[in-house]
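Just so you know, the protein sequences line up as chains E and L, in that order. Residue numbering for the first sequence follows the UniProt record's numbering, beginning at 1 and increasing consecutively. Residue numbering for the second sequence follows the UniProt record's numbering, beginning at 1 and increasing consecutively. The C-beta atom is built at its ideal place from N, Cα and C for all residues, glycine as well. Since the model is a prediction, treat every value here as computed from it, not as a measurement. Comments concern the structure below.
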Amino acid sequence: MNKVRTGRSLVVPVILASAVFALATCLFLYLATLWVVRSDSDAGLAQAVDIELAALADVFATGGLDETAARISDRLALRGASGDDAHYLLADADGKRIAGDIHGWPMLSAENSQAGFLTINGDIRVYARATQLAPGVSVIAAREYGQRSALITHLNWVFAVAAILVLIASLLLAWRYAARLGRRVSALNDAFDAVQAGALDQPVPGRSDEDELGALSRHAEQLIGRLSHALKGQRAITDQVAHEIRTPLAHLDSRLLRIIAVNPDPDQVAALGAVRRDARGIADMLDSLLDIAASETRRGDRSGLERIDLSAVAQDVVDLYADSADEAGHRLSANLTPQVMIAGDAMQLTRMFSNLLDNAFKYAGPGAGISVSVEQGPRIVVADNGPGVAAPLRQTMFEPFRRAGPGPGHGLGLALVRAIAERHGLSIRYEDGQPGAMFILEGERS
Amino acid sequence: MTGLNILYVEDDAMLADDVARIMASEGNRLTWTASGQDGLRRAAAEPFDVIILDRMLPDLSGIAVIERLRGAGVAAPVLMLSALGRAENRIEGLDAGVDDYMAKPFEPAELVARVRALQRRATGHSHSAVILFGGLECHVKARTAHRDGRHIPLSPKEFELFRYFMENAGEVITREMLLRNVWNLSFDPQTNVIDVNVGRLRRKLEDGFGTSVLETIWGTGYRLVAH
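Listed below in structure tokens is the structure:
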């Protein structure tokens with residue numbers, strides 16, 4: 001199974017990106033709002049201060065200095081009640097206060113009607129404008145902007161809460177979307193796992209969806225369909241070939257048996273028996289070739305493989321061959337780490353060991369030591385101390401029809417060993433045992 | 001032993017003729033049909049001792065036939081006789097419910113031996129706790145062997161082999177039957193492992209007794225005989 005670690009899932013960046021996007025959006029909106037609030041409040045302050053000054057200028061023009069001073073005092077007196085946060089200073093040419101609550105003339109030029117943000121009376125932050133009512137008479141009107149600070153604090157809170165809510169909402173939405181996406185991709189992966197396990201006829205999930213994953217599902221289904229078709233075709237042709245060759249061989253055998261039944265000549269009967277064995281040999285060779293083809297076709301296909309004890313399989317084969325080894329004068333030994341497990345087909349693996357031992361029995365020579373070892377990895381070594389394989393043969397020995405010498409067999413044993421090994425994810429190689437042959441099979445890293 | 005009533009489903013007339021003659025020579029009665037559908041119909045209509053079934057029939061695959069037979073509750077032992085003879089093919093057949101599987105071309109004696117073994121297994125003569133044959137005793141539970149009252153020490157595999165011979169005493173046992181039933185192998189190793197294992201068992205059963213009990217039938221297999 002090709003499982004994806006949670007941290008590596010494609011949905012993680014989706015969720016992270018949506019959270020970052022939500023936070024960035026909130027930050028942008030906050031900054032924009034702050035800017036608008038500030039500009040707006042600055043404009044409001046300036047307007048309020050300018051209206052005050054215009055009103056004071058009117059009073060001065062109509063009522064003179066005393067009236068203006070009185071009006072400022074009235075305003076200051078009323079300030080607490082109206083919630084007003086205005087401050088004033090009416091001063092003479094030397095900057096000496098005539099009326100108002102600003103203690104000293106700040107750094108504002110009355111001649112130029114200068115305005116600005118400044119601090120008065122030590123710690124009150126205001127926006128103020130100065131102007132000259134008449135030569136030697138200047139006035140300052142100021143407004144605190146503490147209200148704006150309160151507004152901004154308020155704004156900060158609102159945006160902080162909003163940002164958290166938006167973040168949670170976006171995470172939830174992204175999670176839902178990502179989970180759905182994840183489920184669909186997982187369903188596709190499961191479908192491929194099922195194909196690996198041999199289920200070639202099951203529909204691929206999501207093939208009716210109209211998005212990209214739907215297209216991917218349809219592509220997958222088409223490819224699996226083609227694979228299934230090819231495998232079925234291969235299987236059908238394999239069966240057909242076997243049938244079309246074995247049936248005439250059976251007829252041939254039948255005719256030979258009919259002749260043998262009525263033939264009294266023992267020499268002819270023996271010769272006809274040899275013909276029958278030759279015909280049988282053709283059928284056996286055909287089966288071996290088809291077995292090799294079937295194993296090669298199913299390389300990497302895990303269907304039909306079960307978790308089995310490779311050491312136990314090897315032990316059974318060694319037990320089976322023990323008496324034959326005694327009889328042939330071979331010293332057969334086994335060095336098997338217990339419970340080396342493999343996803344495998346027990347019969348095929350038995351055959352793999354059996355073919356390797358057949359090979360050793362055939363070529364190692366009388367009195368040879370033959371050993372079988374299985375260890376974790378898995379790593380299998382079948383070795384003997386016979387003459388080994390001649391150097392020119394080593395390159396091609398795993399190909400069909402390569403034989404080391406005369407004797408029975410079609411030179412398919414090692415080809416089948418390799419095909420079975422590869423079907424089980426094992427690589428096979430030959431090494432010179434100095435002396436003798438060493439066949440080493442090792443699990444390939446998947 | 002009275003003859004067996006055998007159904008043979010096979011579209012190849014020449015092979016059908018051969019099998020009919022082989023079975024008749026052993027005193028059996030063979031009904032031949034060339035199609036899977038007809039085979040199904042006959043198997044359902046009449047009790048047969050053994051059914052021999054081809055695999056690649058023109059109308060219905062032998063695998064489908066056996067599945068339908070078993071589905072319909074026909075319990076007669078079935079031997080699949082097929083041109084598909086690879087280990088994989090055998091396993092498919094056995095998985096589908098056939099009791100034995102043989103590849104064409106076949107040895108007539110092997111077919112006879114296996115049909116008889118199937119019939120014996122189906123009629124259940126061989127499931128007692130102690131099997132006696134001639135002077136031989138096989139204690140199935142204790143897993144011990146005796147001849148003329150004398151204990152013969154056997155390895156676990158040798159005992160399995162001995163038990164199989166005892167269960168089929170007096171009958172021809174082929175190498176392939178031993179491979180499949182004792183060693184559970186669906187292929188034939190190139191090395192003479194079966195002959196050697198049987199040879200070792202034979203020595204244990206015969207050494208010191210003077211008479212042979214396990215005879216070799218050349219080209220076919222072995223037979224446990226009583227003296």
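Within chain L, partners of E/Glu327 - CB distance below 7 Å: Val196
First and last residue of the uninterrupted beta strand (DSSP E) at L/Glu137: Leu136 to His139
Straight-line gap, L/Gly46 to L/Gly39 (C-alpha atoms, nearest Å): At residue 46 of chain L the sequence reads Glu, which differs from the Gly that was named. Going from the Cα of L/Glu46 to the Cα of L/Gly39 covers about 11 Å.
Every unbroken beta strand (DSSP E) inside the stretch 230 to 313 of chain E [3 residues or more]: 306 to 309
Buried versus exposed call for E/Ser446 [16 or more other C-beta atoms within 10 Å across all chains shown]: In this prediction, E/Ser446 has a pLDDT of 47, which is less than 50 and means its spatial position is unreliable; what the coordinates show is noted afterwards. Exposed: under 16 other Cβ atoms inside 10 Å.
Any chain L beta carbon closer than 8 Å to E/Thr350: yes
Residues near L/Phe187 in its chain [Cβ-Cβ closer than 6 Å; skip 5 each side]: Ala87
Simplified DSSP state of L/Ile131, which is helix, strand or coil: strand
Within chain E, partners of L/Asn181 - CB distance below 7 Å: Correct list: empty, because the minimum Cβ distance to chain E is about 14 Å.
C-beta neighbour in chain L for E/Met1, strict 8 Å: Bear in mind that a pLDDT of 49 at E/Met1, under 50, signals an unreliable position, so the number given afterwards is only what the model happens to contain. No, E/Met1 lies away from the interface with chain L (no Cβ there is under 8 Å from its Cβ).
is_contact[E/Tyr321, chain L] using C-beta, thresh 8 Å: yes
For E/Ser138, the first and last residue of its enclosing alpha helix (DSSP H): It is not in any alpha helix (DSSP H) - E/Ser138 instead sits in the beta strand (DSSP E) that spans Val137 to Glu144.
Per-residue DSSP class, three states only, for L/Ala226: Reduced to three states, the DSSP call for L/Ala226 is coil.
Top-ranked residue by Cα proximity to E/Pro338, from E/Ala364, E/Gly304, E/Ile380 and E/Asn355: E/Ile380
Runs of alpha helix (DSSP H) lying entirely within the UniProt domain "Response regulatory" (5 to 119) of chain L, each at least 4 residues, in chain order: 13 to 25, 36 to 45, 62 to 71 and 87 to 96
Neighbouring residues, chain E, relative to L/Glu88 (Cβ below 7 Å): Ala294
Buried or exposed by the 16-neighbour rule on C-beta atoms within 10 Å, applied to L/Arg200: buried
Contact set between the UniProt DNA-binding region "OmpR/PhoB-type" (128 to 226) of chain L and chain E, restricted to residues whose Cβ is under 7 Å from the partner: Lys157, Trp183, Leu185, Ser186, Phe187, Pro189, Gln190, Thr191, Asn192, Val193, Val196, Asn197 and Arg200
Within chain L, the residues that E/Ala279 reaches when beta carbons sit closer than 8 Å: Pro105
Proximity of E/Tyr88 and E/Ile140 at Cβ, strictly below 8 Å: yes
When L/Arg120, L/Ser25, L/Glu26 and L/Asp17 are compared against L/Trp32, the one with the closest alpha-carbon: L/Asp17
E/Leu167 versus E/Thr33 - alpha carbon distance: Pairing E/Leu167 with E/Thr33, the inter-Cα distance amounts to about 19 Å.
Proximity test, Cβ basis, 8 Å: E/Ala199 and chain A: The question asks about chain A, but that chain is absent: this structure's protein chains are E and L.
Ordered list of alpha helix (DSSP H) runs contained in the stretch 28 to 69 of chain E, each at least 4 residues: none
Proximity test, Cβ basis, 8 Å: L/Gly85 and chain E: yes
is_contact[E/Met397, chain L] using C-beta, thresh 8 Å: no
Under 8 Å from the C-beta of E/Met285: neighbouring residues of chain L: Correct list: empty, because the minimum Cβ distance to chain L is about 12 Å.
E/Ala169 beta carbon less than 8 Å from that of E/Val49: no
Same chain, Cβ closer than 7 Å to E/Asp182, neighbours up to 5 away in sequence not counted: Checking the sequence shown, residue 182 of chain E turns out to be Gly, not Asp. Taken in chain order, the residues that qualify are Ser9 and Val11.
Coarse secondary structure for E/Ser373, derived from DSSP in three states: DSSP places E/Ser373 in strand when its eight states are reduced to three.
Euclidean distance between Cα positions of residue 452 of chain E and E/Arg125: In the structure displayed, chain E extends from 1 to 446; residue 452 of chain E sits before or after that span and is not available.
Inter-stretch contact at 8 Å, needing at least 3 Cβ pairs: the stretch 283 to 290 of chain E / the stretch 140 to 158 of chain L: no
E/Ala86 versus E/Asn156 - alpha carbon distance: 26 Å
CA nearest to the CA of E/Asp190, picked from E/Met107, E/Gly136, E/Leu171 and E/Ser217: Per the Cα distances, E/Ser217.
Pair within 8 Å by beta-carbon distance, E/Arg246 and L/Gly85: With contacts defined as CB atoms closer than 8 Å, E/Arg246 and L/Gly85 qualify as a contacting pair.
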